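Numbering that gives the first Met the number 0 puts the first residue of the sequence shown at 0, with every later residue one more than the last. Beta carbons are placed, not taken as given, at the ideal position from N, Cα and C, and that holds for glycine. It should be emphasised that the depicted structure is a prediction, and the values quoted were computed from it without experimental measurement. Following: one structure in structure tokens, then a few remarks.
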Amino acid sequence: MRGAEIVGIGSYLPERVLTNADLERMVDTSDEWIVTRTGIRERRIVADGEATSDLAARACETALVDAGIDRADVDLLVLATSSPDMIFPSTAALTQDKLGLDCAAFDAMAACTGFIYALYAAVTAVESGRAGTVLVVGADAFTRFVDFDDRSTCVLFGDGAGAVVVAASDTQGVLHVDLGADGAGAGILSIPAGGSAAPCTVERCERGEQYVRMSGNEVFKFVVRAIPETTRRALEASGLGVDDVRWIVPHQANQRILDTIADRLDVPHERVCSTIEKTGNTSTASIPLALDHLYTSGDLAPGDVVALVGFGAGLTWGTAVLRWTKEAP
């Protein structure tokens, strides 16, 4: 059977660092309050004039270099984002142009699970023989949609991008992808205004409806129920169990959530990759950013089983089980 494996990986974080001390001067909060409840100490913020497609292009460039693949060999670009440059054209098309690629390109929008959905599309294209090399990128300039007067959300989010190159292989590097969605939970995490259902008006903007709205307690309840289920399903479909997993790489939403996922799966906390302290919640970028951290730090070895786990607005969830094949850089 024709397989698909990750042959390159890269990431990019904007230069500007926003620390908890900076936020203390902006809203009624404190470093202790933020760290205790989220585990976050700092996050990166896009510069003026910097867009999601800029972040995506930088991450893709690094991934292509890591893979040693020429741009002319890329057949498809799939970009996951929660903060597109604009409603259309797609951010994938804008990124493709910045990279100088000649290939199909489209966006995948599944909020913070978007990278898993995009990876599924790439693997399906490769395994079917319809593509040989696919760039998959999760990128977000999500702070553009955060109200920095709202301490319940502004402390959480940061910006960044992570990308992988998926290529055809005799080795099955991506073992299984499990996906799910439940639109009945859409109201607990959303940006109310800006789409066809509620276009941005002066009145809606005055009410702050162009910014992210979240019911934190309801999100937590959803995550701790859905994530162990999707992870176990994906592992079972791969012929594996939790004990076979070297690393669980979840969406970096909140350290409390990461710890609870570890407890529900009955795995040591140190086997759940956490980068949230330095990046915050980077939405679709968080999983590939965390995976790249493991790779560049030398903590991934060929043969390691890795479970990438996403969850987010929609509500959406998903798990991709990988058998890592790349040597450490």
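Per-residue burial, residue i [other beta carbons within 10 Å of its own, 16 or more giving buried]
i: W53; result: Position check: residue 53 holds Asp in this sequence, whereas Trp was assumed. So D53 counts as buried.
i: N216; result: exposed
i: I256; result: buried
i: G38; result: buried
i: T281; result: buried
i: D291; result: buried
i: T35; result: exposed
i: R224; result: exposed
i: C204; result: exposed
Cβ pair residue i, residue j closer than 8 Å
i: G157; j: G279; result: yes
i: T295; j: E4; result: no
i: M283; j: A79; result: This sequence places Thr at residue 283; Met is not what is there. Taking 8 Å as the Cβ cut-off, T283 and A79 qualify as a contacting pair.
i: C111; j: A312; result: yes
i: D177; j: T229; result: yes
i: A62; j: I8; result: yes
i: P287; j: V271; result: no
i: L76; j: T94; result: yes
i: V173; j: I68; result: no
i: T51; j: P83; result: yes
Opening and closing residue of the alpha helix (DSSP H) in which residue i lies
i: Y119; result: G113 to E126
i: L234; result: G215 to A236
Residue i, enclosing beta strand (DSSP E) - first and last residue
i: W316; result: T315 to R322
i: E4; result: G2 to Y11
i: L17; result: R15 to T18
Three or more C-beta pairs below 8 Å linking the segment 122–138 and the segment 30–45
no
Run through the segment 243–306 for me and flag every whole beta strand (DSSP E) of 3 or more residues, listed as ranges in chain order.
246–249
Is the segment 306–317 close to the segment 228–242, with three or more CB pairs under 8 Å?
yes
Any beta strand (DSSP E) of 3 or more consecutive residues that is wholly inside the segment 27–109
41–44, 75–79 and 103–107
Give the list of continuous alpha helix (DSSP H) stretches no shorter than 4 residues that lie fully inside the segment 135–216.
150–153 and 201–205
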